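Single-structure report; data block below.
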Amino acid sequence: GAGVSQSPSNKVTEKGKDVELRCDPISGHTALYWYRQSLGQGLEFLIYFQGNSAPDKSGLPSDRFSAERTGGSVSTLTIQRTQQEDSAVYLCASSLNRPEVYTFGSGTRLTVV
Amino acid sequence: GQSLEQPSEVTAVEGAIVQINCTYQTSGFYGLSWYQQHDGGAPTFLSYNALDGLEETGRFSSFLSRSDSYGYLLLQELQMKDSASYFCAVGKAAGNKLTFGGGTRVLVKP
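Next comes the structure, spelled out in structure tokens:
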């Protein structure tokens with residue numbers, strides 16, 4: 163596609179439920195990143211996929227968080243047993259030959275009630 | 533680990549010049565990037581410095597001093613549409629992920 167697409171744009175879930183967030187990167191972009199942004203805060207790195215290499219999961223805050231990338235394209239971030247502190251905007255980005263240039267999606271705003 | 537420091541907020545009037553400083557402490561350094569984010573929007577890439585010196589892109593310029601672990605973003609001829617948050621970000625190796633600073637909120641007043 164022309165840009166990075168994320169769905170849903172908004173998600174309200176009850177504490178303890180599982181959620182899945184989807185990211186469609188720009189076609190052909192080999193690198194895909196997930197970040198989390200709390201209100202008025204900076205971007206917190208979660209996970210990074212590069213081609214067929216093992217993902218860099220060093221930013222995942224707990225084992226409730228996991229992500230996969232299928233076929234080198236679409237990625238899904240899963241949060242199990244959601245907690246209120248998981249409420250944030252989850253941003254996905256992709257890049258191609260210039261790793262310093264990310265194209266971000268519009269994000270999924272997750273609210274855990 | 534890595535840490536980046538930038539001011540939390542800057543206020544200026546239309547037509548003015550604003551400089552947003554960013555100091556970083558990293559275990560490795562490849563380059564310094566700058567991103568702009570309007571409220572409710574996605575961050576968008578503005579500028580990148582891998583070498584010391586000034587990079588100019590229209591009204592925006594970015595500077596890097598690797599020896600001082602310091603950079604800045606210069607916004608000239610401020611316009612109302614420049615009201616946004618600005619983030620510096622460091623990559624510590626080629627092809628590695630970016631670590632972002634906490635962001636500087638720029639408010640432009642008429």
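Residue numbers (my numbering), protein chains in the order written: chain X, 163 to 275; chain V, 533 to 642.
Ideal Cβ positions, reconstructed from N, Cα and C, are used throughout, including at glycine.
As the structure is a prediction and not an experimental result, all values here were calculated from the model.
In the DSSP annotation of this structure, the continuous segment of the beta strand (DSSP E) that includes X:Asp186 starts and ends at Val181 to Asp186.
Judged by pairs of C-beta atoms under 8 Å, the region 619-634 of chain V touches the region 555-567 of chain V, as three or more such pairs exist. Counting along the chain, the unbroken beta strand (DSSP E) around X:Phe207 starts and ends at Leu205 to Gln212. Note that the region 264-273 of chain X does not touch the region 590-598 of chain V; fewer than 3 beta-carbon pairs, one per stretch, sit closer than 8 Å.
Against chain V, the beta carbon of X:Tyr252 has no neighbour under 7 Å; the closest one sits roughly 12 Å away. Using a CB distance cut-off of 9 Å, V:Ser597 does not count as an interface residue toward chain X. At least one beta carbon of chain X lies nearer than 9 Å to the beta carbon of V:Thr576. Taking the Cα positions, V:Gln534 is about 30 Å away from V:Gly590. In terms of CA proximity to V:Met612, V:Ala544 leads the group V:Tyr618, V:Ala544 and V:Phe577.
Proximity of chain X to V:Thr631 at the Cβ level (cut-off 8 Å) is accounted for by Phe207, in chain order. Positions of the beta strand (DSSP E) runs, each at least 3 residues long and wholly inside the region 561-627 of chain V, are given as 563-569, 576-581, 585-589, 592-597, 602-607 and 616-623 in order along the chain. A residue is called buried once 16 or more other Cβ atoms fall within 10 Å of its Cβ, and V:Leu586, having fewer, is exposed. Contact fails between the region 569-584 of chain V and the region 209-217 of chain X, because fewer than three Cβ pairs, one in each stretch, are under 8 Å apart. Contact between V:Tyr580 and V:Gly563 holds, with the beta-carbon distance rounding to 6 Å and staying under 8 Å.
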